[in-house]
Amino acid sequence: MSSNEEAAPTPAADRSPNLANLAYRSAADMIRSRRLRGGDVIVEAKLAATLGVSRTPMREALQRLEGEGLVHKGEGRNYVVRRVDLGEYLQSLRLRLLIEPEAAVLALDNIPRRTLLAVRLEIMELLDAKTYHTDQHWFSDDHLHGMIIDHCGNAVMARVLRDLRAATRLFEIDQLKERLIPDSSEHLEIIEAIQASDAEATRDSVARHIRSLIAFAVTAFQLK
38 MSSNEEAAPT PAADRSPNLA NLAYRSAADM IRSRRLRGGD VIVEAKLAAT LGVSRTPMRE
98 ALQRLEGEGL VHKGEGRNYV VRRVDLGEYL QSLRLRLLIE PEAAVLALDN IPRRTLLAVR
158 LEIMELLDAK TYHTDQHWFS DDHLHGMIID HCGNAVMARV LRDLRAATRL FEIDQLKERL
218 IPDSSEHLEI IEAIQASDAE ATRDSVARHI RSLIAFAVTA FQLK
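Counting from 38, one number per residue, gives the positions in the sequence shown under the working numbering.
In structure tokens form, the structure reads like this:
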């Protein structure tokens, strides 16, 4: 190609997957950060305009979010952000209590040390922060539990845990800030157990963390 020739534009077929991924990440972030809350109706054209993409990649992104259980089809052609009530939240946690401790044990020998250290550093930075940031709290939580899921070596178990995480992640706890110290302390215990390659301590620390979440929800909503 001569210096006077302009590079050919990227074919639409090549751009579409990138735009769909961008739309997916942006929409997922809006749901996780509560800018789109449970029960909110998503108007495809409006959201596409907000994100600066056309309706085709936006539709692909919404279909992917539907597959992950974050949205579902509402009336007409619109999607609705999935609403998770307290009952589903607690049921999901109790099922995680049966599965996730074992997933953590399976992940013991598979988690790269650099990943473990990065997650630990993130927790320490969260604890040392002068102000509370909800997003950083969620990111730290996602990275700790995602580390276990990604390295458990059991694809079926990983898929089930991702579905359960989607449900518990969508439940809106108004007192989330109160969980910062318990979550971070319990996460550090999990990391220390994994670093020590202690299967029993790993299993116990993950189970203790999930029981703590259940107890917090029960107390927060004054259930018996």
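The C-beta atom is built at its ideal place from N, Cα and C for all residues, glycine as well. Predicted model only: the values in this text are computed from it and were never measured.
Count the CB pairs spanning the stretch 189-197 and the stretch 157-177 that are closer than 8 Å, and state whether there are at least three. no
Runs of 4 residues minimum, wholly inside the stretch 109-168: which ones carry the alpha helix (DSSP H) assignment? Given a length threshold of 4 residues, each whole run of the alpha helix (DSSP H) inside the stretch 109-168 is given here in chain order: 123-144 and 150-165.
Find the nearest neighbour of L213 within the set E237, R71, R62 and A64, judged by alpha-carbon distance. R71
Compare the C-alpha of T256 against each of R206, A64 and E215 and name the closest. E215
Under three-state DSSP, which class holds V90? coil
By Cβ distance below 7 Å, which residues in the same chain neighbour I68 in space, the five residues on each side in sequence not counted? Within the same chain, I68 has close Cβ partners L107 and V118.
Under a Cβ-count criterion, where at least 16 other Cβ atoms within 10 Å of its own Cβ denotes burial, should V193 be classed as buried or exposed? exposed
At least 3 beta-carbon pairs within less than 8 Å: the stretch 130-149 vs the stretch 240-259: yes
In the DSSP output, which residue or residues are listed as bridge partners for V78? V117
Contact check, R133 vs L198, beta carbons under 8 Å: Against a cut-off of 8 Å, the Cβ pair of L198 and R133 comes out as a contact.
Let's test the definition: count the other Cβ atoms within 10 Å of the Cβ of V78 and tell me whether it reaches 16, buried, or not, exposed. With fewer than 16 other Cβ atoms within 10 Å, it is exposed.
Keeping to the same chain, check which residues put their C-beta closer than 7 Å to that of Q232; ignore five residues upstream and five downstream. L153
Whole angstroms is fine: what's the gap from A50's alpha carbon to R196's? Its pLDDT being 42, under 50, A50 is placed unreliably by the model, and nothing is read from it.
Of the listed residues V142, A57, D172 and V90, nearest to V243 (C-alpha basis): V142
Looking at A64: is its Cβ nearer than 8 Å to the Cβ of A98? Contact check for A64 against A98 passes: the beta carbons are separated by less than 8 Å.
Around the Cβ of D220, are there at least 16 other Cβ atoms within 10 angstroms (buried) or fewer (exposed)? buried
What is the rounded straight-line gap between the Cα of L102 and the Cα of D179? 17 Å
My understanding is that R131 touches G75, with C-beta atoms under 8 Å, so please give their C-beta distance in whole angstroms. Rounded, the Cβ-Cβ distance is 20 Å, inconsistent with contact.
Using a Cβ-based criterion (distance less than 7 Å to any ligand heavy atom), does L158 qualify as near the ligand PLP? This structure lacks the ligand PLP, and indeed carries no ligand of any kind.
For A45, which residues in the same chain have their Cβ closer than 7 Å to its Cβ, ignoring the five residues on either side in sequence? Residue placement at A45 cannot be trusted, given a pLDDT of 46 that sits under 50; what the coordinates show is reported in the next sentence. Counting only Cβ-Cβ distances below 7 Å, and skipping sequence neighbours, we find nothing.
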